[in-house]
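Remarks on the structure that follows.
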Amino acid sequence: SAHDGVLFTRVLAFSEALITAVHVSVDGEPVGKGRPAGGPLYVLPWDPSLYLKGLHTIQVKVEDSAGRSWVREQRFTLEDDLIPGFGLVQSFLLLTDHYVLGRAAFVFTVLMNVGGLMAFRFTRLSVREGLPAHACLALQLVSRTDAFFYSLLLFNLCTAVGEAAASPDRSGPRQQRPCLGRNAPGFSSGPWFIGELIDGHKGACFAFGVFVDGHYLEGSLTYVVGVIQVRKPTGCFPAAHFLPLNLPLFQMLFFNMPLTAYLCWSVHHRRRGHTFRSHFRKRGCSWTPAAVHLVMLLLLIWQAQSCHFLLETYGLMSFLMSPVRTWALGLGLLLVYRAWTGPSSLLQETRNAAPS
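Residue 3 is where the sequence shown starts when you use my numbering, and the numbers rise one by one after that.
This is the structure:
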């Protein structure tokens with residue numbers, strides 16, 4: 003920064019105790035001591051003309067009244083055409099387009115889930131021996147049972163089609179674009195939830211962003227970020243940055259796909275004559291069924307917690323109008339109940355069609 007023609011280096015230094023000194027050096031040569039400029043900010047004058055060429059290293063050493071010290075280093079260059087080299091991890095974090103990467107992973111998981119259901123419903127795929135044979139049979143049982151197939155298919159499409167319908171122009175400003183513009187996504191798919199996203203302004207949250215107060219706010223890392231619990235935004239501030247970011251990829255990996263797998267496992271055991279409690283009544287029973295039930299219970303609890311967070315953050319309307327949260331939890335419980343208590347005739351068609 004510059005002040006009265008003098009250029010300054012700015013340093014932010016934090017400590018629980020009083021900071022006594024901030025030493026700055028470049029390429030091992032001392033530049034000076036930073037002086038307080040208010041709060042954690044320290045400044046000192048420097049001459050950037052000394053570092054116009056090449057790659058340099060700035061080092062900052064902070065000391066406090068408790069006798070502690072910290073040293074941090076950072077490489078820098080003032081040449082436009084000189085790009086510092088990074089390690090593999092640093093390059094991945096800094097140079098990767100995580101939006102595209104998360105989008106690709108999300109599409110891949112959707113194709114696996116929906117494509118598996120379609121393949122086993124309309125084609126006869128079988129493996130004769132071992133665990134793969136049981137897995138194929140279980141997928142056929144679920145895919146060829148209408149109640150499970152159509153429920154899972156619609157549920158996954160509700161989660162995914164919002165992404166397919168989206169084709170926003172990412173070259174323009176991100177903050178606010180009219181939702182009726184040519185590049186805005188359409189409402190041909192179900193939203194994640196509808197509610198009061200900003201105080202006094204209702205909107206709809208999709209996998210690709212949100213519509214609120216007549217504007218489209220594009221999402222960023224909503225495909226890959228986990229649960230970030232934040233308070234409800236107030237005022238006219240972009241809501242896309244405050245949404246509960248436990249969105250598409252985590253939803254597919256930690257609820258949609260495990261629910262499908264659990265239903266396959268449950269229906270397969272029902273076909274073999276088991277009931278929900280029969281595993282625990284046998285002497286010397288394996289702990290595997292208990293572990294499977296426990297994992298599914300934990301995932302249902304996680305989904306319920308997400309619904310509670312949605313209720314606390316965005317209100318009752320968002321809680322009731324959330325197909326991918328509240329409705330999904332109810333659908334999951336209903337399908338699990340149906341798998342273990344439904345009439346045996348439910349599996350009659352698949353029993354004849356599936357290989358023995």
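Even glycine gets a Cβ: it sits at the ideal position worked out from N, Cα and C. Bear in mind that the values here come from a model prediction, so they are computed numbers and not experimental data.
Of all alpha-carbon atoms in A293, F195 and G56, the one lying nearest the alpha-carbon of P325 is that of F195. Rounded to the nearest angstrom, the Cβ distance from L9 to P38 is 19 Å, too far for a contact under 8 Å. Taking C-beta separations shorter than 6 Å and ignoring five residues to either side along the sequence, K55 has no partners in its chain. In this structure, V33 sits away from V24, with a CB-CB distance that is not shorter than 7 Å. Following the DSSP letters along the chain, one finds L300 inside the alpha helix (DSSP H) bounded by residues T290 to Y316. At a Cβ-Cβ threshold of 7 Å, V102 and V269 do not count as neighbours. In the structure shown, P42 adopts coil according to DSSP, grouped into three states. Straight-line measurement puts the Cα of D201 at about 41 Å from the Cα of I21.
Between the alpha carbons of H58 and L90 lies a gap of roughly 21 Å.
Contact between G317 and E198 holds, with the beta-carbon distance rounding to 5 Å and staying under 8 Å. Relative to W72, the option among F110, V109 and V26 whose CA is nearest is V26. Contact check for L119 and L154: beta-carbon distance about 6 Å, within the 8 Å limit, so the pair qualifies.
The beta carbon of Y53 is closer than 7 Å to those of V28 and L80 in its chain, skipping five residues each way along the sequence. A direct Cα-Cα distance of roughly 34 Å separates H100 from A293. For T262, the enclosing alpha helix (DSSP H) has its first and last residue at M259 to R273. A Cβ-Cβ separation of about 6 Å places G334 in contact with L302 under the 8 Å criterion. Under DSSP, I196 forms a beta bridge with A206.
For K35, the pairing in a beta bridge is given by DSSP as H25. Shortest Cα-Cα distance from S308 to any of C266, H295, M298 and L331 involves L331. Secondary structure of V91 (DSSP, three-state): helix. With a contact defined as Cβ atoms closer than 8 Å, H203 and V214 qualify at about 6 Å. Rounded to the nearest angstrom, the gap between the Cα atoms of M259 and N115 is 6 Å. With 16 or more other Cβ atoms from the protein chains shown falling within 10 Å of its own Cβ, F150 counts as buried. Non-local C-beta neighbours of R74 in its own chain, meaning closer than 6 Å and more than five positions away in sequence, comprise V62, ordered along the chain. Rounded to whole angstroms, the separation of the alpha carbons of R123 and T343 is 23 Å.
Note on geometry: alpha-carbon atoms of G275 and A140 lie some 14 Å from one another. The beta carbon of H136 sits closer than 8 Å to the beta carbons of H270 from its chain, once the five residues preceding and following it are set aside; these are given in chain order. Proximity to P42 across F257, E18 and S280 peaks at E18, based on C-alpha coordinates. The DSSP assignment places complete beta strand (DSSP E) segments of no fewer than 3 residues inside the region 52-89 at 57-66 and 71-79, in order along the chain.
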